[in-house]
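Residue numbers (the working numbering), protein chains in the order written: chain S, 2 to 111; chain H, 14 to 126. Notes to accompany the following structure.
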Amino acid sequence: EDQVTQSPEALRLQEGESSSLNCSYTVSGLRGLFWYRQDPGKGPEFLFTLYSAGEEKEKERLKATLTKKESFLHITAPKPEDSATYLCAVQASSTDKLIFGTGTRLQVFP
Amino acid sequence: KAGVTQTPRYLIKTRGQQVTLSCSPISGHRSVSWYQQTPGQGLQFLFEYFSETQRNKGNFPGRFSGRQFSNSRSEMNVSTLELGDSALYLCASSRTLGNYEQYFGPGTRLTVT
């Protein structure tokens, strides 16, 4: 069964304290892996798409990487405005559907 | 460029009633997907529409249905509402079918009492 697991469920960081969020997946053929950011009361905001192992994408303080079994979202020197829930999703080639993890709730304190 | 819009933003219904939610995609986007988000289950895929046809469907009962119009706007309908249908319903649009670089609307918060 296709599955996406994100860890940790919640993460509290001091401003400037770098860390990584994990997304592990089991799918029957990966078509793509997606990272989204969701602020309270809003819809998810698209961040990155990764298609193959070894691929990396960067945007400001965020960097996403992909291996054959997991993806990491690295946050370098985070700021309070980075506080949000980060969602990972995979698109399985067998079903073409998007399967989301339950997210990591990140809080960055000044 | 205007984002995805959803109406209404909030809705309170009673068990057994039906509800229709509306979504207007970003201009030029032809694919519309619907998701249900709850604290326990997270984001779950409902269905995807492209060129007025349902192209993909999640594991939801037949009470959940949708349609897409020629201008790419979409509606979803839930009949015979149950308490468990209380959730945030999100619409997302993308340029083409199966392209999951999706742009989400703010959602409709449905509460069933």
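We put the CB at the ideal spot given by N, CA and C, even for glycine. Being a predicted model, the structure only gives us computed values, none of them experimental.
Quick one: what's residue i bridged to in DSSP?
| i | result |
| --- | --- |
| residue 70(S) | Answer is none; residue 70(S) lacks a bridge partner. |
| residue 46(S) | 38(S) |
| residue 51(H) | 55(H) |
| residue 103(H) | 48(H) |
| residue 75(S) | 21(S), 64(S) |
Name, please, each residue of chain H whose Cβ falls closer than 9 Å to the Cβ of residue i.
| i | result |
| --- | --- |
| residue 102(S) | 55, 56 |
| residue 88(S) | 55, 56 |
Name the chain S residues that come within less than 8 Å of residue i, Cβ to Cβ?
| i | result |
| --- | --- |
| residue 114(H) | 35, 47, 50 |
| residue 103(H) | 44, 45 |
| residue 71(H) | 98 |
What would DSSP say about residue i, mapped onto helix, strand or coil?
| i | result |
| --- | --- |
| residue 96(H) | helix |
| residue 61(S) | coil |
| residue 61(H) | strand |
| residue 56(S) | coil |
| residue 82(S) | helix |
| residue 115(H) | coil |
| residue 17(H) | coil |
| residue 90(H) | strand |
| residue 101(S) | strand |
| residue 96(S) | coil |
| residue 25(H) | strand |
Can you pull the chain C neighbours of residue i, defined as C-beta to C-beta under 9 Å?
| i | result |
| --- | --- |
| residue 117(H) | In the structure shown, chain C cannot be found, because the protein chains are S and H. |
Chain H partners of residue i, CB-CB under 7 Å?
| i | result |
| --- | --- |
| residue 92(S) | 113 |
| residue 99(S) | 58, 113 |
Which word fits residue i, buried or exposed, when buried means at least 16 other C-beta atoms lie within 10 angstroms of its C-beta?
| i | result |
| --- | --- |
| residue 63(H) | buried |
| residue 79(H) | buried |
| residue 45(S) | buried |
| residue 98(S) | buried |
| residue 22(H) | exposed |
Starting from residue i, find everything on chain S with Cβ-Cβ shorter than 9 Å and list it in chain order.
| i | result |
| --- | --- |
| residue 120(H) | 42, 43, 44 |
Counting pairs of beta carbons, one from the region 46-65 of chain H and one from the region 74-90 of chain H, are three or more of them closer than 8 Å?
yes
Is the number of C-beta pairs between the region 88-96 of chain S and the region 26-38 of chain S that are closer than 8 Å three or more?
A contact exists between the region 88-96 of chain S and the region 26-38 of chain S.
Contact between the region 110-118 of chain H and the region 22-32 of chain H is defined here as three or more beta-carbon pairs at a separation below 8 Å; is this criterion met?
Verdict: no, contact absent.
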